Structure formats: structure tokens, C-alpha cells
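> I have a structure I would like to understand better, so I am pasting it below and will then ask my questions one at a time.
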Amino acid sequence: MAPLIASRKRKGPSEGAPADDDLTGVQLDGVLSQSEDDSEVDEDEFDDLDDLSSDEDVEDPDEDEDEEAHSDDASSERGDSARAPPALDDEDDQPNYRVVKDANGGERYEYAEVDPVYDSDDSDAQGPANTIGNIPLSFYDSYPHIGYDINGKKIMRPATGEALDALLDSIEIPKGWTGLTDPETGKPLNLSQDELELLKRLQMNEVPDEGYDPYPDMVPYFTGIEEKMPLSAAPEPKRRFVPSKHEAKRVAKLVRAIKEGRILPYKPPEERQREEEEKEEVYYDVWANEEPQDPHVMNIPAPKLAPPGYDLSYNPPPEYLPTEEEKEAWKNQDPEEREKEYLPEKFDSLRKVPGYGEFVKERFERCLDLYLAPRIRKNRLNIDPNSLLPKLPRPEDLKPFPTLNQTIFRGHEGRIRSVAFSPDGEFVASGGDDGTVRVWGLNGHQEWMAKLSSEEPVNVVRWRPNKETFILAAAAGEDIFFMIPSVASDAVEKASREVLDAGFGYATNGAQPATANGVKKEPPAKWSRPGAKLEDAGVLLKATVRSLIKVISWHRRGEFLCSVSPTGQRSSVAIHTLSKHLSQIPFRKLPGLAQTAQFHPSRPLFFVATQRMIRCYDLQRQELVKVVQPGARWISSFDVHPGGDNLIVGSYDRRLLWHDLDLSARPYKTMRFHPEAIRAVKYHRSLPLFADASDDGTLQIFHGKVVSDLMENATIVPVKMLRGHKVINKLGVLDVDWHPKHPWCLSAGADGTCRLWA
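Mapping to full-length UniProt numbering: the sequence shown position 379 is 379, numbers consecutive.
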């Protein structure tokens, strides 16, 4: 049994005092004790190094229980109206308190200081000065120090006296002298009076503690009531005998932090401040220990500066010196727009050349280029550029194609907007700004003329594609005129009149469609006679639509024709039936402004071009079949190949695009041969030729061979550029057409002439 320790403890309230809480029969064993399982501690609690650097004091659980019990008793006593004074000690029946007045005038009990005894923890006890641990001091015999203090500093070995000093020390014995040496510090070992008294008792075989009672009174720790269950018979857990993993982790973190310099040994503030004052600012030479290395494989050296030219000479040739106008223009330009950053100057001698004012700026920009501008390595291949070009046939091998201006047709006043060959190829029709339609022979002689309007120009003329008739359609303003020039034979003229007059006897003529509520709806076009004067001239029929007509195009059978009015909104595209004098608007709404339209040469397909796209519709099934996307900003014209599988598109942004409808919706080839806008494009109906007309006054002739083999692409070769038209008000060639049989080309220009190229 452990010896009893004489202590003065506070007595609780008397047994007769009432309690607030009745805890009779409640098991309270282990309620306030903490779990001893260190393995259940969350590892995240030790992640913060700040928490690791500060150690918290561990409190005794027995003292906590005593204090908590005392606080509970005190709180229960505080609730009573009549407060009983604390009980007295059983040993001497003397009160260990004194009664004083508190701030409110009530009684307050002040207890005497607790006297710590032998087994109590004394926080004032000095720890060992040397922190080397329990190792022999002989390990440090070869070192000038004997250990380290709590701050990690070396403890130097104390100086050893000579024999005379030892004799003097033995004669003049100081207080606490023993004649021994402390093995930890190497200094003389001095003992206090209490330690000497303890040694004296041990020599006399007495109890070391003076107040120890070897025969204390029996204290009944257990009651006489037999308990069924033991207080605790659990075996000791394994964690009490194995090293703690969490403590090892904390130690490892501390070691790692010390190695990385995040935890520094403690230094007094005065010493730390003195070191900071003594420390000088250190400058490191980055290239001090640089060793030459071979350049990397991907190293790209900086480009060298260009060598100075003649204009940088102090006495340049006269042709390099700028004039006064050039100097003024250079000064008025923005610095970013100047071709050079300097102006050449002339000096009589080299000693008169002043310093260059932009030298620092140029060096700075050179440095910026060296470390900011990205570099790329270009592998130059020794390849003949001609070998990269596609192998195309020579233009001489692709003849025949037009090369010379054969005939010039003069007679129109102002621009000629449209030209067309007759179906038999013997006559040429033209229309211009003067409002007239003229029919010419191939020799340049005017055969027939009719003035359709005095205010509106004739925008387009097109022949009906049928050799049995001789019908010419022309659009002026909002009207489409159908005429029979008086140059055809009597049989052809009679057949042509029957075709134009057949619609007047149709049953639906004059009938206007009505809506559901009975209101009459305006027809898309009005068919009528043009008047006696025009009828005498050969103009027999007129169809009036709602807006200005720019394009008309015939169906291959000559029964239908379409008209395009870009400003017509909903009625921009209309299809007219000649034999019935009937007009229809196929689209309620178009996604964009219609520019031109055309029928497929062999299938029931209808192409409509807006500003950026071309849509192909099936007229039988009445559905959209394909959308062609040329990628042009503004489409001016297009034409369908006689085979029906290819398409050429001209645009105002100077591009000519070839589309293969079976290949993709994107262009197969894009050609840029004109510096100005392309106005018209046209395929030859029987030969592998096509041409475009541009505002630069030229026509470009191409050889375009299309084969039936789907594995072979079309062959496109530019063969000739035809020049002859003059550019008037930035307008050049406005229209182009091909002869039905021969490789002859017809063009209309803004200079008021038509030209036949053969």
C-alpha cells in the first residue's frame, strides 16, 4: 500500500445539505475520463506546425474530478438560501479558511495556500542544464564542449584548475562542497542542505522523508457491502507497450521542418536583433560558377542584325537623301507607320557626325526582341517550285478558244447591260441604259431595234431556247417584254406568235384568286398587250410584276421562265408559264436577298442564289435538296454546267469558285485572277470552256474539262485573258455569253460596245 500523504483538503458540504440533482444509482465511473486510445486520434490534428511547436500541459484527471465535484457541490450550495460554513479538518479541527467580505457585502471564504509535499509537481524545479541525455560524459572527451543547452547551443567544457587551486579549495571549503565533479556539466558538484540531510538519513538507514508515518491508521477504502462486479479487471491494452505511431509522425514532421528551416532554434530577442544588424546585404553573382555547355538540339540562335546600308553612311549618295516633301511626309506620319526610324543625312567629315539619339531605344527594343519574340525554325527544302505545281496541259494544246476581237457592235448610248446569242447562233441581242433592245448580225450590222422604255434601262435580254421559235424576252423596270424580231422567216414568226397568243385563250386568264374571307388577292404578275406602237415594232406581250427585275432565265423547254427582283422581298423570285400567262411565287420567305436564279439543264431542279449561299430545290417534290456554300461575301452570278454536276460562281469580292455538287457543298477550287469584282460567269453549252467578266475591263477564258469518272477531278486551266473594254466609272465588262456551237465569246461593256471574240 502506498504511504498516505498528509494534506489539507477542503471539506465538502455537510451531509444534511439538500442537493439540486439526485444522482442516486447513476453509474458515473469513467464519465469524465478521456479515452486512452491514441490510435483513434485524427491525424489531421497534427498537420499544423504551429500546434506542434507549442506543448500543452497535461492535467491530472484525478484533480479534474476533484475540482469538478467541488464545483458541482459549490453550485448546489450556491442555490440554497442559507449557506453553511465549510467543514473543518478532522486532524486539528482548525478552520483552513478565513471569512472576508466580497464586493456585494456578502461573506466569502478565503482558503490558505496549499503546501506542496514530496509527491507534488513543482513547476519551478530547474531541469537539467545539459540536454545530451543519459549518456556518459566521456563521449565528449575529444570535443571542446560537453553538450547542448535547451536552445541548441554548445556548452563549453569548464576550465580545470591546477593542483594548487584544488588544495586551496580543500582548505577553504565553500558551502555545499563535496569534492566531487558533476558528470553532466563537468563542474564541481555542490549539494544543498536538504540534499545533505537526505544523504545523512540514508547513511543512518532512516526513512528519507521526515514526516513519513510507517504505521498509519487503517482507512476503509471499500465498504462492507459485497459487490457483484469488480471495479476493473480489463487487461492492459497493447498500446501501452508499443511506441506511439502518432508521436513518431509528429517527431518526423518536426525533424522535416527543422531540416527545411521552418523551425528555428530559440534565440533571445536581443541576440536576434544583434545578428540582424551585423548581417550585411549579400549580392550573388549568377554567372560566377557558370560552366560552358553545348547548345541544345532545339536551341535557336537569335537572328543577327542586318548590316548597315548606304543610307546609314555619313556621306550617302545623293539619291538616298530625302527631299523636303519626303521629310515633311515622314514627320507627319505616325512612328508605327514609318518605313524607317531615321532620315539619311549628309556630313562633310566623320568628326562632324553627332551622337545617335535613338541608340538607347534601339538597344532596348533589340533586348525585347531577344527575350520576348518567339523563334521558329524553318526547314528549307531544296525542292524545285515547278515540281509542286500540278501538271496541267499547255494552253496551246487546248485550242480552240477565243483569242482575238472579231467584231465590235456600236450603237447603244450608255452602258450595255446584257447580251445574248440567238438559239441558232446567227444573231446577237443586246440591251442597255438607253431603254432599247437591238438585234445584230455577226458582222456587226444592226438588224432590228425596239425602244421599250424611255426611263428604265433594259437590264437583261434572253432568247427562248427553242430553234422552232424566235422569241426574245427583255426586262425593263418591272416589265418583261416578249418580242419577235422581224429577221426570222415567216414560218418561224408564225409559230412564235402562236406561242405568245396561246395564253390569252386560257380559261384562267383574268381570274384573280380569292382568299378565304372572299377578298380578292393581288396576282403576282399582270399579263397584257404592250400597246399598238410596240406591237407594230414586234413586241407582242408584256408581264408586269411587283418590283424591279434584274435577272430572267428560261427553262430548257422554253415553257417556263423565272424572274428575280432583289428588292421584291416575298415576291423576289417568280416563275412564269408562257403558254398559260400564269405567274407563281414559289417562296413565301427567303433567308436573304435573292440575287439570281436558274433552272437545272436536265433535271427538275431550281437554283436560287442569295448573297452568301445557293439553294437547290426539287420542283416535283417541292423540297430543299442541297445548300451550296461558296464562302463569298456577295454572289453576283452563277451558271450550271451542261452536265448538271458542276457549278461556277462569281462574286463581287473578286473570286471565281468552282463547285462539284457530288463532292461537297464547299468550293472545289477558288480562283483569283481579277483585281476588281466579277460581274458575270458563263459555261459553253457544248465545249469545255467557261468565262468570267470583271470590272477591270477583262475577260478570263478557262478550259474546264469534266469527265464521267467519279475518281477523277475536273481539270481547270486558265488559257487566255481578253482585253479591249474600257473602264467607265469603275465599271468594266457587265455580261458575257457563248455561241451555241463555236468557241466564240460575246461580251457587253460599260463603254457602250459589244465585242465578239473568236
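Here a beta-carbon is modelled for each residue, glycine too, at the ideal position from N, C-alpha and C.
Given the structure is predicted, the values throughout are model-derived calculations rather than measurements.
Would you kindly work out how many angstroms separate the C-alpha atoms of aspartate 311 and tyrosine 371, rounded to a whole number?
29 angstroms
> Starting from lysine 451, follow the alpha helix (DSSP H) in both directions and report where the run begins and ends.
Run containing lysine 451: none in the alpha helix (DSSP H); it sits in the beta strand (DSSP E), 446–451.
> Considering only the beta carbon of each residue, do glutamine 406 and leucine 756 sit closer than 7 angstroms?
yes
> If I follow the unbroken beta strand (DSSP E) through lysine 200, where does it start and stop?
It is not in any beta strand (DSSP E) - lysine 200 instead sits in the alpha helix (DSSP H) that spans 193–203.
> Determine, for methionine 711, whether the minimum Cβ-Cβ distance to residues of chain C falls below 7 angstroms.
The structure shown contains no chain C, having only a single protein chain.
> Does DSSP put valine 706 in a helix, in a strand, or in coil?
Note: valine 706 maps to coil in three-state DSSP.
> Suppose the cutoff is 6 angstroms on Cβ atoms and the five residues either side in sequence are ignored; what does the same chain contact list for glutamate 456 look like?
Ala476, Gly477
> What would DSSP say about tryptophan 287, mapped onto helix, strand or coil?
Note: tryptophan 287 maps to coil in three-state DSSP.
> Thinking C-alpha only, which one of Glu195, Met218, Asp217 is nearest aspartate 209?
Glu195
> So for glutamate 77, helix, strand or coil by DSSP?
Confidence in glutamate 77 is poor, its pLDDT being 42 and thus under 50, which makes the residue's placement unreliable; the coordinate value appears in the next sentence. Looking at glutamate 77 - three-state DSSP - the assignment turns out to be helix.
> DSSP three-state call for proline 523: helix, strand or coil?
coil
> What's the C-alpha gap between aspartate 149 and proline 265?
11 angstroms
> Would the beta-carbon of leucine 593 fall within 7 angstroms of that of glutamine 611?
yes
> Strictly by DSSP, which residues pair up with residue 836?
No information on residue 836 is available, as it lies outside the stretch 1 to 758 that the chain covers here.
> Identify every run of the beta strand (DSSP E) within the segment 470–494, keeping only runs that are complete inside it and at least 3 residues long; order them along the chain.
472–476, 479–483, all fully within the segment 470–494.
> Taking the beta strand (DSSP E) that proline 718 falls in, what are its first and last residues?
715–723
> For a test of the three-state rule: what should DSSP assign to glutamine 569, helix, strand or coil?
helix
> Along the chain, where does the alpha helix (DSSP H) that runs through glutamate 277 open and close?
269–278
> Between which two residues does the alpha helix (DSSP H) containing alanine 329 stretch?
324–332
> Considering only the alpha carbon of each residue, which of Glu107, Tyr111, Gly752 lies closest to glutamine 94?
Tyr111
> Quick check: what's the CA-CA separation for lysine 542 versus proline 530?
5 angstroms
> Using DSSP bridges, identify the partner residues of glutamate 535.
The partner list for glutamate 535 (beta bridge, DSSP) is empty, contrary to what the question assumes.
> Let me check one thing: in DSSP terms, what residues is valine 437 bridge-paired to?
Gly431, Ala450
> Would proline 344 pass as a contact of proline 318 if the rule is Cβ separation under 7 angstroms?
no
> Can the beta-carbon of glycine 441 be found less than 7 angstroms from the beta-carbon of valine 461?
no
> Quick one, which of Asn151, Ser602, Arg556 has its alpha-carbon nearest arginine 272's?
Asn151
> Do valine 707 and aspartate 639 come within 7 angstroms of each other at the CB atom, strictly closer than that value?
no
> Return the chain-ordered list of same chain residues with a C-beta closer than 6 angstroms to the C-beta of aspartate 213, the five sequence neighbours on each side being excluded.
none
> Just list the residues that DSSP pairs methionine 671 with in beta bridges.
Leu656
> Going by DSSP in three states, aspartate 149 sits in which element: helix, strand or coil?
coil
> DSSP beta-bridge partners for lysine 399?
Bridge partners of lysine 399: none, in fact.
> Just to confirm before moving on: does the CB-CB distance between methionine 483 and glycine 538 stay below 7 angstroms?
yes
> How many angstroms separate the CA atom of aspartate 653 from the CA atom of isoleucine 678?
8 angstroms
> Can you grab the Cα-Cα spacing for the pair lysine 720 / leucine 710, in whole Å?
Cα to Cα, the separation comes out at about 28 angstroms.
> Quick check on this structure: which residue in Arg556, Lys533, Pro566 has the alpha carbon closest to the alpha carbon of valine 545?
That would be Pro566, whose Cα lies nearest to the Cα of valine 545.
> Taking the C-alpha atoms as reference points, what is the distance between serine 138 and aspartate 182?
12 angstroms
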